Amino acid sequence: MRTIKLLFGFLLMLFGCGSRQGPYQKKGGVWYFNDIRVEEAPAFVPLAGPFAKSSTAGYYRGRAIAGSDGPAFAALSEHYAKDNRHVFYSDTYRKSQEYFSLLHDRTFMVDGGDAATFQYLTGGYGRDASHVYFEGVAFAVKDAASFTVLEYSFAKDRFTGYYLQEAIAGSDGPTFTGIDSHYAKDKDRVFYSGLEMGSGPAAVKTVTLAGAQPAGFVALDSGYAKSGGIVFYQGHPVQGADAATFAVQAGLPDGGDARDEKATYAVGRKLKGQKLK
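Residue numbers (the numbering used here): 773 to 1049.
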């Protein structure tokens, strides 16, 4: 087995395409990011993921980042990087007028980002000594130093909870936690958060579940939940539902998505005339 591994390694050296580090590779003395030829620059060094640096600049996907300082440039994540003066956010996008067929790069300096204290958190979030950012854009928080990213699009600081970068009114930060993609709770309350679609941009909307108790609260599938004797759909009580026998079940008669021992329900409403035997 060892002989086979050594032989395989020798063949890679002999016939391989050259030096490689992540998506960067060196062929014939020239660096490439995938199939994009990198502009000639001295002391070129691939970093983590799509970033690299040279003695003159930092790079994203093989292209120099305007205004960056190469020797001080460092990658923080797949999207964040910084040098000793600036924080950068980079990503890719497609244009509808091109039928989304071409991938474009974009990098911008994070407005107000303090390179000396900036750190990447997770999932598009970063922070410095004064601000918290999502995908390179600052948003309002009550305490940047204690800001913590939770699961299911939730976050918190020492004062309050957040959903998709929006503060949840009335929530208690120290005890706040996410339950699933929409439900969250603290020591006193349970919340349902989601996006409200209208004629304009989608807006975050959060409701506090009247009568729900954090202890023993159970989130079900398809927006349903139970607490004590109350069944909820997207944060609102399901009228007439029996919590003891209520269960979510797809493919029920008449398009129902849940049932109890007496009736079927669809999107939180009892189906008229539909009863289970």
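Every residue, glycine too, gets a C-beta built ideally from N, C-alpha and C. Predicted, not measured: the structure shown is a model, and the values here were computed from it.
Collapsed DSSP secondary structure at S826 in the structure displayed: Coil, per DSSP.
Can you tell me whether K959 is buried or exposed, with buried defined as 16 or more other CB within 10 angstroms of its CB? Per the 10 Å Cβ criterion, exposed.
Is D1026 buried or exposed, if buried means 16 or more other CB atoms sit within 10 Å of its CB? By the neighbour-count rule (16 or more Cβ atoms within 10 Å), D1026 is not buried but exposed.
Segment limits, beta strand (DSSP E) that includes I729: Outside the modelled stretch of the chain, which goes from 773 to 1049, sits residue 729, for which no answer is possible.
Have a look at S994 and F906 and give me their C-alpha separation to the nearest angstrom. Those two C-alpha atoms are separated by around 28 Å.
Determine the DSSP secondary structure at E870, reduced to helix, strand or coil. DSSP places E870 in helix when its eight states are reduced to three.
Could you give the C-beta distance for F919 and G950, rounded to a whole number, given that I count them as a contact under 8 Å? Not quite, the Cβ-Cβ distance comes to about 15 Å (not below 8 Å), so this is no contact.
Cut-off 7 Å between Cβ atoms - residues of its own chain near E938, not counting five sequence neighbours on either side: Hits under 7 Å: V976.
Per DSSP, the bridge partner or partners of P1009: Looking at the DSSP assignment, P1009 forms a beta bridge with F1004.
What did DSSP end up calling A1035 once you bin it into helix, strand or coil? The answer is coil: DSSP assigns A1035 none of H, G, I, E or B.
Is the Cβ-Cβ distance between V859 and V882 less than 8 Å? Between V859 and V882, the C-beta spacing is below 8 Å.
Rounded to a whole number of angstroms, what is the C-alpha to C-alpha distance between V1003 and V962? For V1003 and V962, the distance between alpha carbons rounds to 13 Å.
At least 3 beta-carbon pairs within less than 8 Å: the stretch 1011 to 1020 vs the stretch 970 to 986: No, because fewer than three Cβ pairs between the stretch 1011 to 1020 and the stretch 970 to 986 fall closer than 8 Å, the two stretches do not touch.
Straight-line CA distance for R1031 to A1019? The alpha-carbon atoms of R1031 and A1019 are separated by roughly 6 Å.
DSSP puts Y865 in a beta bridge; with which residues? Residue pairing from DSSP places Y865 in a beta bridge opposite H876.
How many Å lie between L874 and S862 at the Cα? Distance between the alpha carbons of L874 and S862: 17 Å.
Taking the alpha carbon of A844 as the reference point, which residue from R833, E850 and A824 has its own alpha carbon closest? Of the listed residues, the one whose Cα sits closest to A844 is A824.
Rounded to whole angstroms, what's the CA-CA distance from V817 to S826? Just pull it up for me. One alpha carbon belongs to V817, the other to S826, and they sit about 6 Å apart.
F911 to H851, Cα distance in whole Å? Just so you know, the alpha carbons of F911 and H851 end up roughly 18 Å apart.
Taking just the CA atoms, how far does D841 sit from D855? Answer to the nearest angstrom: the Cα atoms are 6 Å apart.
For M1010, I'd like the list of residues in its chain whose CB is within less than 6 Å of its CB, leaving aside the five on either flank, ordered along the chain. The sequence as given places Val at residue 1010; Met does not occur at that position. Answer for V1010: V1003 and G1040, listed in chain order.
Which residues DSSP lists as bridging V802, in chain order: DSSP output for V802 lists K799 as bridge partner(s).
Within 8 Å, strictly: CB atoms of S965 and T980: No, Cβ-Cβ distance for S965 and T980 is not below 8 Å.
Pick from A853, A1035, Y897 and Q891: whose alpha carbon is nearest that of F880? With distances taken between Cα atoms, F880 lies closest to A853.
Buried versus exposed call for F1056 [16 or more other C-beta atoms within 10 Å across all chains shown]: Nothing can be reported for residue 1056: it is not among the residues displayed for the chain, which extend from 773 to 1049.
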